[in-house]
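Below is one structure, written out as structure tokens, with a few remarks after it.
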Amino acid sequence: MPLSEPLLLLVVSLLVGLVIGSFLNVVIYRLPLQLESAWRRESLDFLGMEPAETPAPEANLAFPASHCPSCRAPIKAWHNIPLVSYLLLRGRCASCGVPISLRYPVVELVTGLLTAGIVFQFGLTPEGAGILVFTWVLVALTGIDLNHHLLPDQLTLPLLWLGLLLNSQGMFTDLQSAVIGAAAGYLVLWLVFWGFKLLTGKEGMGYGDFKLLAALGAWLGWQQLPLIILLSSLVGAIVGLAGILIAGRDRQIPMAFGPFLAVAGWIAMLWGERITAAYLHLL
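Its first residue numbered 5, the sequence shown is counted upward by one per residue in my numbering.
Spelled out as structure tokens, the structure:
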């Protein structure tokens, strides 16, 4: 294959990843708002109460059109080019000048680089396509959990079922390992949750963490769960201690665990077998 063809494939993959990252920013921002609106409406219905004011039209991932959260001015198409527009606008809204959250270009850039890296390693294959979807969902879950301490069922459960479906064809592991991985992933953190609650009277994590680890087990099999738990716990402990000792973070403020699970799961997807083999070789 000529050098220009793989290079072109990488460039196209990067551009596609940037566009996907822009869409993931919409998911990260709007999905929690949709859920909050639905919870409020369902609570009022359950209590038999009418809303205090006329509710706004129900928002979704496509409606309303993109706009500035501060001044509500519509974002023009040429101000919505992934990464490029942020740089040209110098990180500020074109209408009101309010700073644009750094999350937007970071999510776009990270998604673009991860997409290009996966295509480079796996090519245009079914396995590569599966890992791309896996990665994009983890990016969205990470962004939402960092902002809201929430891992929505609307993302974790489809991720779990998709992992089982793909592994029914043995794409990443055998089906038996995937089913056991899903069950074990949920039960391990469920036991940790209740053990911590019985000892301290506090809830150490949310049920979304159980479902995310179950989804990772469904994709990778039970064999990768020890590595995922070890990596996520280790990185979480390091980040937490650094936040307390260096940044003066209040240790009573809860820290989202989902991003650490997501990063550990992604590492296990790409290099889990090599890491485990290297560790066993050292032993």
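Here a beta-carbon is modelled for each residue, glycine too, at the ideal position from N, C-alpha and C.
Residue span of the alpha helix (DSSP H) that contains I271, given as start and end: As a working mapping, residue 271 is identified with position 267 in the sequence shown. It spans G262 to L286 - the alpha helix (DSSP H) in which I271 sits, taken as one unbroken run.
C-alpha gap between R107 and L65, whole angstroms: Here residue 107 refers to the residue found at position 103 of the sequence shown. Here residue 65 refers to the residue found at position 61 of the sequence shown. The straight-line gap from Cα to Cα measures roughly 18 Å.
Close beta carbons around A188, own chain, < 7 Å, minus the five adjacent residues each side: Taking the first residue of the sequence shown as position 1, residue 188 is located at position 184. Same-chain partners within the cutoff: G221, W226 and L229.
Bounding residues of the alpha helix (DSSP H) (the contiguous stretch that carries Q180): By one-based count along the sequence shown, residue 180 stands at place 176. Residues L179 to T204.
Supposed close pair T119, L136 - CB separation, criterion 8 Å: Stepping through the sequence shown from its first residue, residue 119 is reached at position 115. Stepping through the sequence shown from its first residue, residue 136 is reached at position 132. Right, their Cβ atoms sit about 6 Å apart.
Opening and closing residue of the alpha helix (DSSP H) in which F176 lies: Numbered from its first residue, the sequence shown carries residue 176 at position 172. Per DSSP, F176 lies in no alpha helix (DSSP H) and is assigned neither H nor E.
C-alpha distance - G147 paired with P263, whole-angstrom precision: The sequence position of residue 147 within the sequence shown is 143, counting from 1. The sequence position of residue 263 within the sequence shown is 259, counting from 1. Each residue's Cα considered, the two are about 8 Å apart.
Contact set for D157: own chain, Cβ-Cβ below 6 Å, skip 5 residues either direction: Counting from one through the sequence shown, the residue named residue 157 turns up at place 153. Cβ neighbours of D157 beyond the five flanking positions: none.
Identity of the residues DSSP links to H152 by a beta bridge: Against the sequence shown, residue 152 aligns to sequence position 148. DSSP lists no bridge partner for H152.
Per-residue DSSP class, three states only, for P55: Taking the first residue of the sequence shown as position 1, residue 55 is located at position 51. The answer is coil: DSSP assigns P55 none of H, G, I, E or B.
Proximity of S74 and V102 at Cβ, strictly below 8 Å: By 1-based counting over the sequence shown, the position of residue 74 is 70. By 1-based counting over the sequence shown, the position of residue 102 is 98. In contact: S74 and V102 (Cβ atoms closer than 8 Å).
Whether I24 touches T115 by CB criterion (8 Å): Residue 24 sits at position 20 when you count from the first residue of the sequence shown. Residue 115 sits at position 111 when you count from the first residue of the sequence shown. Their beta carbons are under 8 Å apart, which means I24 touches T115 by this criterion.
P10, buried or exposed, once every other Cβ within 10 Å from all chains shown has been counted against 16: For the purposes of this step, residue 10 is taken as residue 6 along the sequence shown, with counting starting at 1. Looking at its Cβ environment, which holds fewer than 16 other Cβ atoms inside 10 Å, P10 is exposed.
Per DSSP, cross-strand counterpart(s) of P103: What you label residue 103 is simply residue 99 of the sequence shown in a count that begins at 1. According to DSSP, P103 bridges with R96.
Residues of its chain near V243, where Cβ-Cβ distance is below 8 Å and the 5 sequence neighbours each way are ignored: As a working mapping, residue 243 is identified with position 239 in the sequence shown. Around V243: M259 and F264.
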